[in-house]
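Written below as structure tokens is the structure these notes are about.
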Amino acid sequence: MTGNRYSQFNIKILYLARPTLIQIASSDNGFRHLKQISTQVGMRDHIKNMKYRSDIDGLRAVAVISVIFFHYSISRFFTGGYVGVDIFFVISGYLITSIIYSDITKGTYSVTDFYHRRVRRIFPALFVVFIACLIASFFMNFPSESGDIGQSIASSIFFVSNILFYATSSYFDHKMELNPVLHTWSLSVEEQFYVLFPILVFSMRSLSHKKRIVVLFVITLISFAASIIQVYKEPTAAFYLVHFRAWELLMGSLLALNAFPRVEKRWQIETISGLGLGMIAYSIVFYSKNTAFPGLAALLPCMGATAIIYAGALRKTFASSLLGFAPIRFIGLISYSLYLWHWPLLVYTRLYHEPKGAIEKLSLVVICIILATLSWWFIERPFRKAPFRLNTKATLGLAIASMTAVAGIAFSIGTISQQYWQFPNRVEEILAYSDATEHERKMRAGTCFLTSEYNSLSYFNKSECLKISSTMKNVLIVGDSHAAHLWPGLQSTYPQINFIQATASGCKPLINSIGEKRCTDLVQYVFNEFLPKNHVDTVILSGRWQDSEVTDAISTATRLREYAQTVVISGPIVEYDQPLPRILARSVSKNTAEGELAKSYRREQQKQTDKLFANSQMQKV
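For the sequence shown, our numbering assigns the number 2 to the initial residue and increments by one for each residue that follows.
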């Protein structure tokens, strides 16, 4: 903040991994002044404890490390590490609301002043990352890939990347895993929220404090309910769009407005704080990619973050002491830069080498921490003080100029790359096979293949997908996406056979399969209702098999012999560290043997699983 009226406070705004994070350290005089203001807005008890919170820095560290360990696949104990984003949202709602609400209530809120502070904290490190990604993309990506990355960067600059990713990504779009700015979607969610939230609070300025809380609480419930519904109806929308995420930020906002009853006893405060840690730990350890998220599942980490912040404001607890430990607190300080750099570093490393093993992955984390520390010290910190701390007009003018210039480069990077590198036409033709929309069409997504976008058995067209022929042999393909991808090839290669299809992502074709409801419902329908009533000649079971599923797969095949003369288990499909079309395109561009290059990117796990199937004593069923 700038200006004389803020001279009583030293307010530092740190933006980390998605949300905005604020540290507030007040002088005695300024603190007394803020107490006086709090009597007018009903926040006396909350403001009384509004000081620098080392436990919040520690909470940031937990959140960002969870996200990094999840993305880097470092440990099986971080399969739900993505909930770190939700923790950030709660922190952001809590800290930013404390500032916005106070300013609006006093009548001193200024949109330009608010975004002046936001720009100084967000833009310097963020734009350095954008420029680094554009340079890396020019040298390391193909022109069409550079064009897609440029479009993503441009959308991130204007904080609409979440909308772009929602509109262009799907279950099949593995190219998104190689998008170096995919993680900026949460920054867009936050900025969109903070365009709407001040307007909402300002419109309620004539209401009493209690009525304001009631209104915000109702909006929180509406957003939460919408998220629960949408996560089953259209999970991509529930994940990316602000109105389905707003309740997470609003939980922090309600906490900032002292909306929750105050407890006094030490054991109660310690219990709340401990439960908060437990809820966060549980979601990080036991959630996975198969968890329906955000929706109801997101409530647990959000409640955990809310509980820790709430209890820490009342007194120093065991949890707050733990989170305030200096090394943890330091990670919290650099967490914005740490979050910004971790994903591009991983993406561009993967283009040439997939990190394998704990040592390689932890080495990448160390590099990321070093980059983040340098970014925090030499880029973030200088813009908080003179001579880089410009006035509001100069800051916003420079921000607009920077946004325009970098966006212009981002939009044109694909064309520039194409004109410079001059790859053979066949390269782009091969890359076109990565098109997710075409995969969806061929695999009959939404008709015979259920995905997260078609998240219910009601989408499955039984009359079309399971139509029995009286003149041809009938072969049933049942399983997950690895089964769905077999259908177009088999049907075109053997037109004299009627291949029927029952496929859904989220579980394996096993008698006692577990996983996503859309999948388990379909598998149980096929095994318990369809096959007992309809004769098929052959059943093909296909899935992304794991070692632990080999025995169950063979048992399932044995049981299905009751309904079909032949039951085939399709073994593990070869997998690569990056999309196969990209590997083949690289081979063509470098004029190297395609098979040799592809072999170097092949994952080893599938070989091991295949050997278990081959060595089984019951391989012939």
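Yeah, the Cβ is synthetic: ideal placement off N, Cα and C, and Gly gets one too.
Just so it is clear, the structure is predicted and the values come from calculations on it, not from any experiment.
DSSP three-state assignment for S571, whether helix, strand or coil = In the structure shown, S571 falls within a strand segment according to DSSP collapsed to helix, strand and coil.
When the distance is taken between beta carbons, is A485 closer than 9 Å to F450?
-> For F450 and A485, yes; Cβs fall inside 9 Å.
Extent of the continuous alpha helix (DSSP H) to which I154 belongs | P144 to I158 is the span of the alpha helix (DSSP H), which, as asked, contains I154.
Distance, Cα to Cα, N456 vs K234?
-> Roughly 6 Å between the two C-alpha positions.
9 Å Cβ cutoff, V537 in contact with chain D | Although the question refers to chain D, the structure presented lacks it and comprises just one protein chain.
When the Cα atoms are used, what is the spatial distance from V476 to Q566?
-> Taking the straight line from one Cα to the other gives about 11 Å.
So V549 packs on L487, CB below 8 Å; how close in whole Å?
-> Here the sequence assigns Ser to residue 549, which means Val is not the residue at that position. At roughly 23 Å, the Cβ-Cβ gap does not stay under 8 Å, so S549 and L487 are not in contact.
I515 and T557 look like a contact to me (Cβ under 8 Å); what is the Cβ gap, rounded to whole Å?
-> Not confirmed; about 13 Å, so no contact.
CB-CB length for H243 against Y102, believed under 8 Å | At residue 243 the sequence reads Val, which differs from the His that was named. Contact doesn't hold; Cβ gap of about 19 Å is too wide.
Can you say whether R562 is buried or exposed, counting buried as having 16 or more other CB atoms within 10 angstroms of its CB?
-> By the Cβ neighbour-count rule, R562 is exposed, with fewer than 16 other Cβ atoms within 10 Å of its own.
Tell me whether the beta-carbon of I214 lies closer than 9 Å to the beta-carbon of A247.
-> Going by C-beta atoms, I214 is not nearer than 9 Å to A247.
Taking only the alpha-carbon atoms, compute the straight-line gap between Q609 and I574 and give it to the nearest angstrom.
-> Computed Cα separation, rounded: 12 Å.
Go ahead and pull the three-state DSSP assignment for I498.
-> Here DSSP, grouped into helix, strand and coil, assigns I498 to strand.
Could you spell out the range, first to last residue, of the alpha helix (DSSP H) harbouring N462?
-> Per DSSP, N462 lies in no alpha helix (DSSP H) and is assigned neither H nor E.
DSSP on L242, reduced to helix/strand/coil?
-> L242 falls in the coil class under three-state DSSP.
Check the DSSP bridge columns for F450 and list the partner residues they point to.
-> In DSSP, F450 forms a bridge with A446 and T504.
Beta-carbon spacing of A586, F140 below 9 Å | In this structure, F140 does not lie closer than 9 Å to A586 by Cβ.
Contact belief for L532 with L458 at Cβ below 8 Å, rounded distance in angstroms | Contact flag wrong, Cβ pair sits at about 16 Å.
Ignore the nearest five residues each way along the sequence and tell me which others in L251's own chain have a CB closer than 8 Å to its CB.
-> Counting only Cβ-Cβ distances below 8 Å, and skipping sequence neighbours, we find G94, L217, I220, T221 and S224.
8 Å contact criterion, which G325 and G59 should meet: CB distance rounded | Confirmed, Cβ separation roughly 6 Å.
Okay, do the region 338–349 and the region 367–382 touch, 3+ Cβ pairs below 8 Å being the bar?
-> Yes, the region 338–349 touches the region 367–382.
Which residue comes first and which comes last in the beta strand (DSSP E) that contains I478?
-> Segment K474 to G480, the beta strand (DSSP E) holding I478.
So, are the CB atoms of V232 and A306 less than 9 Å apart?
-> In this structure, A306 does not lie closer than 9 Å to V232 by Cβ.
Could you give the residue range of the beta strand (DSSP E) that holds S543?
-> Taken as a continuous stretch (DSSP letters only), the beta strand (DSSP E) holding S543 covers V537 to S543.
From K362 to I270, what distance separates their C-alpha atoms?
-> Those two C-alpha atoms are separated by around 38 Å.
For R122: DSSP bridge partner residues = Paired residues: none, contrary to the question.
Drop a sphere of 10 angstroms on the beta-carbon of R519, count the other beta-carbons inside from all chains shown, and report buried for 16 or more, exposed for fewer.
-> Classification of R519: buried, given that the 10 Å Cβ count is 16 or more.
Cα separation between I380 and H184?
-> So the two alpha carbons sit approximately 20 Å from each other.
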